[in-house]
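So the structure is just underneath, and the comments pick up after that.
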Amino acid sequence: MRTCLVATALLVGSVGAAVAQTAPPAGKPEDTEVYTPVPPVVMPGKTSSDAPSDALVLFDGKTLDQWTATDNPGALAPWTVKDGVLTVNKGTGNIQTKRSFGNYQLHLEWRVPANITGTGQARGNSGLFLASLGKGDDGYELQILDSYNNKTYTNGMAGSVYKQIVPLANPTRKPGEWQTYDVIWTAPTFAPGGTVATPARVTVLFNGVLVENNVTLLGPTRYIGKAAYGAPHGPAPIKLQAHGDKSEPLSFRNIWIRELSAVGQ
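With mature numbering (1 follows the signal peptide of the UniProt record, and there is no 0) as the guide, the letters of the sequence shown map in order to residues -20 to -1, 1 to 245.
Below is the structure:
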């Protein structure tokens, strides 16, 4: 009898707890509805690769009006535009946008030529610098490389944050086919004294596959040594690299950007 009474008490207690958990919350549905701010209307492109209505087109297949030489700001970007495609002119140096950007969404398409030669880092090498911090290769680099059956160190393959973060996957298409990068860049911020308030973060979809998932950067890219933040900086240009390897040059097309508000704004 005692066992039955205990079991009954436990059952009643469980039912009571369940009823308490499913009791409707106080208030009205309208209490948690918001109507401001109203998101702006953005007309999407015909495909996910086409620029939406609020994007700035950085390369339209015709001119390099949005670009300049990295080592000679103000000078015409010295790369080649032909048949709607921008091709690296090796030996002339990197190019970067005339404008500077903070947080943004970027779309870029790149292609390693079908006749590519070389191995490892000397095969179809370039780089997308998400924020250029000066001449040469200063800045935060998202690696561009022929990583289709081409062995190299994994934090230097296509889709890597160069020498920092290995990509989650390798969705590289074979040489001669177009590759896509879709990037969400959150720029670093700095406290008044120059220390890092919030480090840079990036999300990257490579050919539609997530390869960097809101990863935190340790600082600007370093070829030798560990990355670390240095002098504070604000918005910066976006840079494309003319790598010094001897393989055939890469090409780019359909580059556009959407500027994003700072987090929390």
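Glycine residues also receive a C-beta, built at the ideal position from the N, C-alpha and C atoms.
The beta carbon of V189 sits closer than 6 Å to the beta carbons of A149 and P151 from its chain, once the five residues preceding and following it are set aside; these are given in chain order. The Cβ atoms of P168 and Y142 do not sit closer than 9 Å to each other.
Taking the Cβ atoms as the reference, S80 lies roughly 5 Å from A216, within the contact range of under 8 Å.
Shown here for A180: same chain residues with a beta carbon closer than 7 Å to its own, the five before and five after excluded, namely Y120, T166, A167, P168 and L197 in chain order. When the Cα atoms are used, D117 and A242 turn out to be separated by approximately 26 Å.
Under the three-state reduction of DSSP output, A55 falls in the strand class. Apart from sequence neighbours up to five positions away, the residues of its chain that approach A177 with a beta-carbon distance below 7 Å are T169, F170 and A171, ordered along the chain. Q101 is not bridged by DSSP to any residue. The straight-line gap separating the alpha-carbon atoms of T60 and V14 is approximately 50 Å. L38 and N129 have their alpha carbons spaced roughly 31 Å apart. Pairing G114 with H87, the inter-Cα distance amounts to about 23 Å.
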